[in-house]
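A.B. asks:
Numbering (my numbering), first residue to last: 43 to 402.
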């Protein structure tokens with residue numbers, strides 16, 4: 043059974059249209075075997091799936107592909123072309139620093155555009171919480187309208203969109219920051235052990251006339267993963283260190299557990315049931331706060347922490363370097379008075395790679 047996830051970034055109209063078209067096209071005709079194609083609009087769940095390896099093939103926007111490339115996938119195709127994004131501010135602003143205490147409109151938090159926006163803010167040492175208010179919407183087009191109408195003082199847009207907008211709305215805003223070129227449209231990744239005949243069939247399926255959408259571009263063969271490293275750097279990954287918390291490898295976490303430390307899995311019930319580190323306990327971290335250094339823990343739920351012994355060493359982990367739950371759990375535990383807090387940043391992917399014991 044070949045499992046295919048087709049991810050629609052609803053903040054990007056062309057990506058959304060193309061992924062819907064692809065998901066509606068029978069792959070069985072091309073692959074000649076049993077195939078399951080799942081259209082995915084939940085970007086948060088899509089990012090989770092890139093880490094757990096639930097799908098053999100993933101079709102989606104650049105930041106989903108960038109995540110998958112870290113966790114055992116290879117790039118085989120993309121819609122040719124690159125694009126830049128810009129942070130646009132109201133005419134009165136002169137620099138990114140002027141955004142402090144202002145209002146912004148960004149698309150859905152897990153969309154590519156919002157990842158880019160956070161990365162551009164970080165260039166100035168800022169996060170969304172540095173702003174007075176961030177409204178997360180479901181469409182990208184509302185951003186420029188909101189800035190022009192005074193509903194927001196900043197937004198993120200494709201550079202090409204901004205230039206077109208400026209022609210009909212002169213002096214309606216200024217560019218505060220510009221990203222580097224990054225892959226546009228959708229990308230296609232497969233697990234590294236995917237047979238060549240399946241790879242060929244997938245590309246043939248994606249390049250078929252049935253899947254052509256105006257302005258979205260045709261999917262072509264691609265193998266250069268270098269451009270995705272920049273995408274990943276913009277906001278996918280947790281920091282490498284956390285003050286007051288000891289970061290450990292999977293082997294070190296296992297050794298600590300053998301000496302009495304408590305392994306604490308902060309993922310969901312479903313993920314824990316599918317596979318977990320042997321001897322670990324499940325204490326889910328309910329994440330509602332932003333994926334940012336200055337996240338607001340009051341927005342999250344972590345009631346299970348109160349049931350743990352603060353004097354016992356604890357090792358928190360989730361789904362790898364892109365999963366913020368264990369980072370947040372470690373910080374909350376440290377601030378709650380736990381004396382020995384360890385953070386397994388590599389999470390279950392690293393634990394599995396090291397072939398450490400798991401259940402079931």
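Glycine included, every Cβ here is placed at the ideal spot set by N, Cα and C.
Determine, using beta-carbon pairs with one atom in the stretch 166 to 183 and one in the stretch 142 to 154, whether at least three such pairs fall under 8 Å.
C.D. replies: Taking a cut-off of 8 Å on C-beta distances, the stretch 166 to 183 touches the stretch 142 to 154, as three or more cross pairs fall below it.
A.B. asks: Report yes if the C-beta distance between residue 43 and residue 79 is below 8 Å; otherwise report no.
C.D. replies: no
A.B. asks: Identify the continuous alpha helix (DSSP H) that holds residue 160 and give its terminal residues.
C.D. replies: 154 to 164
A.B. asks: Thinking C-beta only, is residue 302 closer than 8 Å to residue 355?
C.D. replies: yes
A.B. asks: By DSSP, does residue 354 sit in helix, in strand, or in coil?
C.D. replies: coil
A.B. asks: Based on the DSSP output, what are the partners of residue 324 in its beta bridges?
C.D. replies: 307
A.B. asks: Excluding the 5 residues flanking residue 382 on each side, which residues of the same chain have their C-beta closer than 6 Å to its C-beta?
C.D. replies: 355
A.B. asks: Only counting the same chain, and skipping five residues up and downstream in sequence, which positions put a Cβ closer than 6 Å to that of residue 392?
C.D. replies: 292
A.B. asks: Look up residue 102 in the DSSP assignment and give the residues it is bridged to.
C.D. replies: 229
A.B. asks: Kindly indicate which residue of 215, 313, 321 has the alpha-carbon position closest to the one of residue 300.
C.D. replies: 321
A.B. asks: At a cut of 8 Å, does the stretch 212 to 220 reach the stretch 118 to 134 through at least three beta carbon pairs?
C.D. replies: yes
A.B. asks: Buried or exposed, going by whether 16 or more other CB atoms sit within 10 Å of the CB of residue 349?
C.D. replies: exposed
A.B. asks: For residue 310, which residues from the same chain have a beta carbon less than 8 Å from its beta carbon, with the 5 sequence-adjacent residues on both sides left out?
C.D. replies: 326
A.B. asks: I'd like to know if the stretch 95 to 109 and the stretch 220 to 238 are in contact, where contact means that at least 3 CB-CB pairs between them fall below 8 Å.
C.D. replies: Cβ pair count under 8 Å is three or more, so yes.
A.B. asks: For residue 376, I'd like the list of residues in its chain whose CB is within less than 7 Å of its CB, leaving aside the five on either flank, ordered along the chain.
C.D. replies: 286, 287, 383
A.B. asks: So, are the CB atoms of residue 219 and residue 165 less than 8 Å apart?
C.D. replies: yes
A.B. asks: Beta-carbon within less than 7 Å of residue 284's beta-carbon, same chain only, minus the 5 sequence neighbours each way: which residues are those?
C.D. replies: The beta carbon of residue 284 is closer than 7 Å to those of 369, 372, 373, 385 in its chain, skipping five residues each way along the sequence.
A.B. asks: DSSP on residue 289, reduced to helix/strand/coil?
C.D. replies: Residue 289 falls in the strand class under three-state DSSP.
A.B. asks: Evaluate contact between the stretch 113 to 122 and the stretch 147 to 163, counting only Cβ atoms and requiring at least three cross-stretch pairs below 8 Å.
C.D. replies: no
A.B. asks: Considering only DSSP beta bridges, list what residue 211 is partnered with.
C.D. replies: Partner(s): none; residue 211 has no beta bridge.
A.B. asks: Looking only at its own chain, which residues have a Cβ that is under 7 Å from the Cβ of residue 150, when we skip the five neighbours before and after it?
C.D. replies: 52, 53, 85, 156, 178, 180
A.B. asks: Please list, in chain order, all residues of the same chain as residue 272 whose beta carbon is under 7 Å from its beta carbon, the five residues on each side excluded.
C.D. replies: 222, 224
A.B. asks: Taking residue 402 as the reference, give the member of 137, 342, 276, 316 with the closest Cα.
C.D. replies: Put simply, of 137, 342, 276, 316 the residue whose alpha carbon is nearest the alpha carbon of residue 402 is 316.
A.B. asks: Can you look up residue 319 in the DSSP assignment and give me helix, strand or coil?
C.D. replies: Strand at residue 319.
A.B. asks: Kindly list the residues whose CB is nearer than 7 Å to the CB of residue 406, restricted to its own chain and excluding five residues on each side of it in sequence; keep chain order.
C.D. replies: The structure shown has nothing for residue 406, since the chain only spans 43 to 402.
A.B. asks: Please work out which residues of its chain come closer than 6 Å, Cβ to Cβ, to residue 359, disregarding the five sequence neighbours upstream and downstream, and give them in chain order.
C.D. replies: So the list reads 368, 386, 389, once near-sequence residues are dropped.
A.B. asks: How long is the line joining the alpha carbons of residue 196 and residue 182, rounded to whole angstroms?
C.D. replies: Going from the Cα of residue 196 to the Cα of residue 182 covers about 12 Å.
A.B. asks: Cα separation between residue 187 and residue 210?
C.D. replies: 12 Å
A.B. asks: In the DSSP assignment, what are the bridge partners of residue 44?
C.D. replies: 77
A.B. asks: Kindly give me the distance between the Cβ atoms of residue 229 and residue 117, rounded to whole angstroms, as I take these residues to be in contact under 8 Å.
C.D. replies: 6 Å
A.B. asks: Flag residue 179 as yes if its beta-carbon sits less than 8 Å from any beta-carbon of chain B, otherwise no.
C.D. replies: The structure shown has no chain B; it contains just one protein chain.
A.B. asks: List the endpoints of the continuous beta strand (DSSP E) containing residue 219.
C.D. replies: 216 to 220
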